[in-house]
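Mapping of the sequence shown onto my numbering: residues 1 to 221, in sequence order. Glycine is no exception: its CB is placed at the ideal position from the N, C-alpha and C atoms. Quantities reported herein were computed from a predicted structural model and do not represent experimental measurements. I have placed the structure first, in the form of structure tokens, so that the comments after it can refer back to it.
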Amino acid sequence: MPLIKLDRNSIETGGFHGIVQKRLIVHPKYGPGMGVRHGTWPGIGNLIYLADSWFGEGVATGMHPHKFIDVLTFVVEGELNHEGSLEHGVNLKPLDFQIQKSGKEGFAHNEINKGILTTRMLQLWLIPEKEDEAASFRVRVAEKGKITKVYGKEDGNSTQIEVGHLGNEQSYITPAKSIIYLVAGVIEVDGELVEEGVLFEANKNKIVSIKNSIFIVSYVF
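The structure is reproduced here in structure tokens:
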């Protein structure tokens, strides 16, 4: 059976403050108020937002608050300087996955490209099931040849976020009832080729990395 897919090239381009975005997941109830919604998917579990974004030189989100939401930021190419109420001044490099949890106090942040090259960044929003008293911050790295757990059980959330970074010919069996976004590279899913920028549904499918691949896996346990 062919995969159910959403190609970022098939949806409108949105953005703000000079940021160019493809918003692939925007939950109709919990997603951000501004931006493109047409053609997007509603998400899975507590994952309510996923955007693929490009920041030119000097482009920034601008300082803004978040409350009752956990925000994950994954730098694919280039660098981002993180500013805000949590770990101000952290410099995010390629394959860094930043996790900011709002807790009950919330947080404010600004992500800015201070370099001269374009930075590509993915951002995901999740509704927390467990609210800690204080907001918190951590960074995980997508290690090559591995599937890295980024968010989920350790946060008291049934929705799991993992990042795969596989070399040529490495394989992986997807979780049941999951959605996967191919961030980079080319993969084969049960004999069907999938290229960068495609979001697809998966259910215990075999993925083979044809060309060095990076992908985000989301599922509910």
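Once you ignore the five residues that flank residue i on each side, which residues in its own chain have a CB closer than 8 Å to its CB?
{"i": "residue 178", "result": "44, 201, 202, 203, 217, 218, 219"}
{"i": "residue 158", "result": "45, 46, 129, 152, 220, 221"}
{"i": "residue 2", "result": "192"}
For the putative contact between residue i and residue j, defined by C-beta atoms under 8 Å, what is the C-beta separation to the nearest angstrom?
{"i": "residue 181", "j": "residue 207", "result": "Incorrect: roughly 12 Å between the Cβ atoms, too far for contact."}
{"i": "residue 119", "j": "residue 75", "result": "7 Å"}
{"i": "residue 122", "j": "residue 50", "result": "7 Å"}
{"i": "residue 150", "j": "residue 97", "result": "5 Å"}
{"i": "residue 82", "j": "residue 111", "result": "6 Å"}
Mind checking which residues open and close the beta strand (DSSP E) that includes residue i?
{"i": "residue 202", "result": "198-202"}
{"i": "residue 81", "result": "80-84"}
{"i": "residue 212", "result": "206-220"}
{"i": "residue 151", "result": "146-151"}
{"i": "residue 87", "result": "Counting along the chain, residue 87 falls outside any beta strand (DSSP E), and DSSP gives it neither H nor E."}
{"i": "residue 26", "result": "19-26"}
{"i": "residue 164", "result": "159-166"}
{"i": "residue 38", "result": "Looking at the DSSP string, residue 38 is not in any beta strand (DSSP E), and its letter there is neither H nor E."}
{"i": "residue 96", "result": "96-101"}
{"i": "residue 30", "result": "Looking at the DSSP string, residue 30 is not in any beta strand (DSSP E), and its letter there is neither H nor E."}
{"i": "residue 70", "result": "70-77"}
{"i": "residue 5", "result": "5-7"}
{"i": "residue 53", "result": "47-55"}
{"i": "residue 121", "result": "119-126"}
{"i": "residue 10", "result": "Segment: none, residue 10 is in no beta strand (DSSP E) and carries neither H nor E."}
{"i": "residue 108", "result": "107-112"}
{"i": "residue 184", "result": "178-189"}
{"i": "residue 116", "result": "Looking at the DSSP string, residue 116 is not in any beta strand (DSSP E), and its letter there is neither H nor E."}
Whose CA, out of the options, lies closest to the CA of residue i?
{"i": "residue 145", "options": "164, 135, 159, 152", "result": "164"}
{"i": "residue 167", "options": "65, 11, 175, 211", "result": "211"}
{"i": "residue 140", "options": "20, 92, 81", "result": "92"}
{"i": "residue 41", "options": "30, 109, 77, 26", "result": "26"}
{"i": "residue 156", "options": "23, 103, 114", "result": "103"}
For residue i, which residues from the same chain have a beta carbon less than 6 Å from its beta carbon, with the 5 sequence-adjacent residues on both sides left out?
{"i": "residue 170", "result": "209"}
{"i": "residue 205", "result": "174, 189, 190"}
Can you name, in chain order, every residue of its own chain whose Cβ lies under 7 Å from the Cβ of residue i, other than the five neighbours on each side?
{"i": "residue 124", "result": "47, 49, 50, 72, 161"}
{"i": "residue 142", "result": "95, 97, 148, 163, 165, 214"}
Tell me whether residue i, by its Cβ, gets closer than 8 Å to a heavy atom of the ligand FAD.
{"i": "residue 170", "result": "Of ligands this structure carries none, so the ligand FAD is not represented either."}
Problem - Segment contact flag, the stretch 65-80 with the stretch 118-129, C-beta cutoff 8 Å, min 3 pairs - result: yes
Handout entry: contact_flag[the stretch 132-151, the stretch 86-93] where n(CB pairs < 8 Å) is 3 or more
Key = yes
Problem - contact_flag[the stretch 51-61, the stretch 7-19] where n(CB pairs < 8 Å) is 3 or more - result: yes
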